[in-house]
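K.L.:
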Amino acid sequence: MKKLIFLFTVILLVQIGCKKDTIDRSMQKDGQPPAAVQVEKVVPLSGAVEIHFKEPTDDDLLCVKASYTTKDGKLRETKVSRFINTIKVEGFGDTSTYKVQLQAEDKGGNLSDPTEITVRPGQPAITTVMKDLVIQPDFGGVNIQFNNTDKDNLAIVLLAHDTLGDFVPINTYYTDLKMGDFSTHGMKAEKTQIGVYVRDRWGNISDTLITDVLPLYEVQLDRTKMKGVVLPNDAPLGYGGDIKYLFDGSAANNGKSYYHSGDAATMPQWFTFDMGVTAKLSRLVWFMRQDFFYTLHNPRNVEIWGSNNPSSDGSFDSWILLAKHEQIKPSGLPAGELSQADMDAAAAGETINFPLDAPKVRYIRFKTTRNWSDGTYVNFNEIQLFGDPN
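First residue of the sequence shown: 2, per the working numbering; consecutive thereafter.
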């Protein structure tokens, strides 16, 4: 029995030794570099190229890497594993020619002779987005519309003169959407010079477009003139909430100054209020209940309706839909978890921009189709309205 145990132990040690020897030999620097990479074709892409190559056949091949030097002297490198025969080289800021060097690397760190090719990438997103950019006046500022066909991660930067006369960034809009628009407010209704440029995630920057705009007149409407209007089918109130608290001038949470629907409310639900003046609205800003940011009863999906003569039966027959909006949590974190970006966005308030062709209205219906808990209550702290009351 002892002989059998001894024999089994010897066999096991031999097997382990063989496996270890195989591993060690495959990882050691054998001084034998892989064969040079053979390029088959190059496909230009937006701000990039896709290089197709013949897959090296070396048994100990680890990866293939491509590198190039940017116009400002930065070295960029991309790697793909031995199982892939294409490599995408990105980050080009123009359509100039670039020299790209490809090398194969084995598990021992040996490098093949470099294969150098000349490539010409397609137009980068910073260029194509700028070509289709639309700039138009907006209430108290400017609106910028863009097309971003490849959904690149971009920053669209708006410039204007500050109080010292310096031409500086006043707003940066980050996006990876295929198309969209954004507005910048806080400008006077007078001829204003602005600049716009686009930046990508590699730091490439487009040329700056400089133009003049005439922002439309905008003021914050007088909250003291606003009051709730109770119509049939409006959501019942509850828990000490009241429409009037939405216009008390305080977005702070003091435990009682908020709007809150009652137990009998169902979803969707709405409430109605009189602005006290007929106005062409530019935007509505609402402020969440502070101890429940992006959770519980705060509105998430809303519709804003306007009217000048609401139907007494509470129907929507005399109302026009001004805007539909979904609130997005900047961080995307689960309920109860907040990033600094979430906190900053909540403090600034959630803004709904109205289309420039929206009609003048006096009465507003704030309709919630979904809250952050998918429940049946609606609860938040404050509303501000902006536009032209003249």
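Glycine included, each C-beta is placed from N, C-alpha and C at the ideal position.
Since we're looking at a predicted model, the values are computed, not measured.
(1) Just checking, does the segment 129-149 make contact with the segment 193-204 on the three C-beta pairs under 8 Å criterion?
(2) State yes or no: is the C-beta of M276 within less than 8 Å of the C-beta of K325?
(3) Identify, in the order they occur along the chain, each residue of the same chain with its Cβ nearer than 8 Å to the Cβ of D22, setting aside the five sequence neighbours on each side.
(4) For a quick check, are the C-beta atoms of S262 and G229 less than 8 Å apart?
(5) Tell me which residue opens and which closes the beta strand (DSSP E) that D389 is part of.
(6) Relative to the C-alpha of Y260, which residue among V278, P269 and P237 is closest?
(7) Tell me whether the segment 96-107 and the segment 178-195 touch, counting them as touching only if at least three CB pairs, one residue from each stretch, are closer than 8 Å.
(8) Below 8 Å on the Cβ atoms is my guess for V303 versus F367; work out the distance and round it to an integer in Å.
(9) In angstroms with no decimal places, state the Cα-to-Cα distance between A342 and I88.
(10) With three or more C-beta pairs closer than 8 Å as the rule, is the segment 326-341 touching the segment 265-283?
(11) If you measure between the beta carbons of G307 and V362, is that distance less than 8 Å?
(12) Going by DSSP, which residues form a beta bridge with H462?
(13) So, does the segment 72-82 touch the segment 31-40, judging by three or more C-beta pairs under 8 Å?
(14) For D201, report the span of its beta strand (DSSP E) as first-last.
(15) Closest by CA to A346, which one among L357, Q328 and A336?
(16) Rounded to whole angstroms, what is the Cα-Cα separation between Y175 and P331?
(17) Taking just the CA atoms, how far does E117 sit from K66?
(18) Among the candidates N310, W373 and F317, whose CA atom is the shortest distance from the CA of A336?
(19) Would you report the Cα separation of N203 and L217, rounded to the nearest angstrom?
(20) For a minimum of 3 consecutive residues, which ranges assigned as the beta strand (DSSP E) are wholly contained in the segment 289-371?
(21) Tell me which same chain residues have a C-beta within less than 8 Å of the C-beta of L159, skipping the five on either side of it?
(22) Taking buried to mean at least 16 other C-beta atoms within 10 Å of its own C-beta, is A252 buried or exposed?
(23) Going by the DSSP bridge assignment, what does Q137 pair with across the sheet?
(24) So if DSSP puts K80 in a beta bridge, which residue, or which two residues, is it bridged to?
(25) Would DSSP call K228 helix, strand or coil?
(26) Using the beta-carbon count (16 or more within 10 Å), is I24 buried or exposed?
(27) Run through DSSP, which three-state label would M131 get?
(28) Are the CB atoms of T273 and L323 nearer to each other than 8 Å?
P.N.:
Taking the geometry as given:
(1) At 8 Å Cβ cutoff, the stretches touch.
(2) no
(3) With a pLDDT of only 42 at D22, under the threshold of 50, the placement of this residue in the model should not be trusted; the figure read from the coordinates follows. Result list for D22: empty, nothing under 8 Å.
(4) no
(5) N380 to D389
(6) Checking every option, the nearest Cα to that of Y260 belongs to P237.
(7) no
(8) About 7 Å separates the two Cβ atoms, so the contact holds.
(9) 35 Å
(10) Verdict: no, contact absent.
(11) yes
(12) Within the shown structure, residues of the chain are numbered from 2 to 391, placing residue 462 beyond reach of any answer.
(13) A contact between stretches requires three or more CB pairs, one per stretch, nearer than 8 Å, and the segment 72-82 fails this requirement with the segment 31-40.
(14) T193 to D201
(15) Q328
(16) 11 Å
(17) 12 Å
(18) W373
(19) Strictly speaking, residue 203 in this sequence is Trp, with Asn absent from that position. W203 and L217 have their C-alpha atoms some 36 Å from each other.
(20) 300-308, 321-327 and 351-354
(21) V143, I145, P170, I171, N172, T173, Y174, T185, I195, G196 and V197
(22) buried
(23) N144
(24) K66
(25) strand
(26) For I24, the pLDDT reaches just 44, beneath the cut-off of 50, and the residue's location in the model is therefore unreliable, leaving the point undetermined.
(27) helix
(28) no
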